[in-house]
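**Q** Positions in the sequence shown are counted from 1; adding 241 to them yields the working numbering. Attaching a single structure in C-alpha cells format; questions to follow.
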Amino acid sequence: MTIREDFEKREDAFISPYGVKASASAGRREPEPACPVRTVFQQDRDRIVFCNAFRRLKHKTQVFLSPLGDHYRTRLTHTLEVAEVARTICRAMRLNEDLAEAVALGHDLGHTPFGHSGETALKEIFSAEFNHSEQSLRVVDVLERNGRGLNLTREVRDGIVKHSKGFGDIIPADPGKMAATVEGRIVRFADIIAYLNHDLDDAVRSGVVRQSHIPEICVKTLGGTHAQRATTMIRDLIFSSRVMDDHLELAFSDEMFSAMSELRQFLYENVYRSAPVHAEFIKAKKLISELYAYFLNHPDQLREKMTGLEMEEGYFESTQVERIICDYIASMTDRYVLRLYNEIFIPTPLV
C-alpha cells in the first residue's frame, strides 16, 4: 500500500458522506499517473502554491492600493486567511480540508492589480463579461506552466470559478452559481468571513473609519475585535448548517446573516466607496486603461514585455490580441503596473 492509498483509507474512515473523498474525485481533464505520496487534492494545493500567479498575489491590492504599512492585507494574506477559515470549518464538519484549501488558495489567482478597480477597468475596456473568478480558472487551465496550465481536478476548478459573489447575494438563489461540492461552497462562505473581518480591521487601522462608527448591531452580534467576529461567524455557520434531503445545507442563523449583511453594507458605503479609497480607485483605472490602449496600438511589444510569463508560441498564434493584453494586465502586480507605466509614459531626463 502506498502512502497515498493509506491516506485515502483514513479519509474513508473520517470524512462524512457529504464530503468529497480524494479517491472519488472526478479526475483531471488530462489523466495522469497517481502520485504514490499525495492525494489528488494535495497535489492541486501544491501546484497552486508553487505557481507564479500565487507568488504575485503578495504585491496585489486587497483594498488599500500598494500599502506602505507592514500590517495591511494584500491579496496573498487574504488568500491565506480564507484558506485557514475554510480548513477550520471543514475540519469541524468532517469534510475534505485538502480540497477546500486548494480551492481557497486558487480562488484569487486571476485577480487584477489594484483590486476591484483593475477588474472594473477590464470590464469596461476588454469585456463586460470579465471577472476575476473566470480569470482565475483561466490562469490554472491555460496560462500557468508556459501555457500548459496546472491540470487541476474538476472539483478544485469548479470551486475556483464559483467562489465569487461581489456585492451579489451571499447565498445565491440559483443553485448553479454555487460550487458542486460542499467544500467549494464553504470557501465562498470563508471568503466573506475573511474579508468582512480583515477589511474592517484595515479600515480602522488606516483611519478611514473609527471603531465607534461600526453599527451597533454588528458589535453586539459579531463582537468588537477581529478575533471575536471571526470566531462568532465560523461557529455560527458550523452549528446553523443542517442536513436536509440527504445533503448538507450550509447556512448562517438569521441573526448572524442580518449582522453580516449590515457590516457588508457599512463597508461598501464607508470603506470601498469612501473618498480616499475611491480617489485611488480612479487613478488605478486610468493607469490600466492607458496601458491597455498602448498595447492595443503596439501589439509588437507584447511578446517582448511578456517574456516573464514564458508563454509557448501557440498562445500568441491562436489568441486574439485583446485577450493577450487582458491576460497580461490581469497578471500584473501593483508595483509592476506603476513601473511599466513610468517606463512607457513618463519621460526620462538625460544625464
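From the three backbone atoms N, C-alpha and C, an ideal C-beta is built for every residue, glycine too.
In whole angstroms, give me the CA-to-CA distance for residue 337 and residue 272.
**A** 22 Å
**Q** Can you list, in chain order, the stretches of the alpha helix (DSSP H) that have 4 or more residues and sit fully within the stretch 436-501?
**A** 457-463 and 467-481
**Q** Excluding the five sequence neighbours on either side, which residues of its own chain have a C-beta within less than 6 Å of the C-beta of residue 599, listed in chain order?
**A** The structure shown does not extend to residue 599, since the chain spans only 242 to 592, so no value can be given for it.
**Q** Counting pairs of Cβ atoms below 8 Å between the stretch 347-359 and the stretch 547-566, do you hit three or more?
**A** no
**Q** Using C-beta distances below 8 Å, list every residue in its chain close to residue 398, excluding the 5 sequence neighbours before and after it, in chain order.
**A** 378, 381 and 382
**Q** With burial defined as no fewer than 16 other Cβ atoms inside 10 Å of the residue's Cβ, what is the status of residue 257: buried or exposed?
**A** exposed
**Q** By DSSP, does residue 398 sit in helix, in strand, or in coil?
**A** helix
**Q** Apart from the five residues just before and just after residue 280, which ones in its own chain have a Cβ nearer than 7 Å to its Cβ?
**A** 245, 248, 249, 263 and 339
**Q** Could you tell me the alpha carbon to alpha carbon distance between residue 578 and residue 287, rounded to whole angstroms?
**A** If you take the alpha carbons of residue 578 and residue 287, they lie about 28 Å apart.
**Q** Apart from the five residues just before and just after residue 574, which ones in its own chain have a Cβ nearer than 7 Å to its Cβ?
**A** 297, 300, 301 and 354
**Q** So residue 251 is in the alpha helix (DSSP H); what residue range does that whole segment cover?
**A** For residue 251, the uninterrupted alpha helix (DSSP H) segment begins and ends at 244-255.
**Q** If you draw a straight line from the C-alpha of residue 374 to the C-alpha of residue 400, how long is it?
**A** 10 Å
**Q** With a CB to CB cut of under 7 Å and the five nearest residues on each side skipped, what residues in its chain are close to residue 505?
**A** 437
**Q** Could you give the distance in angstroms between the alpha-carbon of residue 445 and the alpha-carbon of residue 544?
**A** 43 Å
**Q** According to DSSP, simplified to helix, strand and coil, what is residue 315?
**A** strand
**Q** What residue from 367, 512, 439 and 419 has the CA that sits closest to residue 566's CA?
**A** 367
**Q** If you draw a straight line from the alpha carbon of residue 411 to that of residue 418, how long is it in whole angstroms?
**A** 11 Å
**Q** Give me the Cα-Cα distance between residue 360 and residue 571, rounded to the nearest whole angstrom.
**A** 8 Å
**Q** I believe residue 395 touches residue 267 by the beta-carbon criterion, under 8 Å. Please report the beta-carbon distance rounded to the nearest angstrom.
**A** At roughly 4 Å, the Cβ-Cβ gap stays under 8 Å, so residue 395 and residue 267 are in contact.
**Q** Would you check if the distance between the CB atom of residue 503 and the CB atom of residue 458 is smaller than 8 Å?
**A** yes
**Q** By a C-beta neighbour count over all protein chains shown, 10 Å radius and 16 as the cutoff for buried, is residue 362 buried or exposed?
**A** buried
**Q** Alpha carbon to alpha carbon, how far is residue 422 from residue 334?
**A** 14 Å
**Q** Just the Cα atoms here: how many angstroms apart are residue 358 and residue 497?
**A** 29 Å
**Q** From which residue to which residue does the alpha helix (DSSP H) around residue 367 run?
**A** No alpha helix (DSSP H) contains residue 367, which DSSP labels as neither H nor E.
**Q** Specify the secondary structure class of residue 505 as computed by DSSP and reduced to three states.
**A** Here residue 505 sits in helix by DSSP.
**Q** Please name the residue in 490, 413, 303 and 453 whose C-alpha comes closest to that of residue 317.
**A** The candidate whose alpha carbon is nearest that of residue 317 is 303.
**Q** Please report the distance separating the alpha-carbon of residue 442 from that of residue 479.
**A** 24 Å
**Q** Taking residue 572 as part of the alpha helix (DSSP H), name the residues at either end of that continuous run.
**A** 562-572
**Q** Mind reading off the beta-carbon distance from residue 322 to residue 439? Whole number of angstroms is fine, and I expect it under 8 Å.
**A** Yes, residue 322 and residue 439 are in contact; Cβ-Cβ is about 6 Å, under 8 Å.
**Q** Would a C-beta distance cut-off of 8 Å place residue 278 and residue 434 closer than the cut-off?
**A** no
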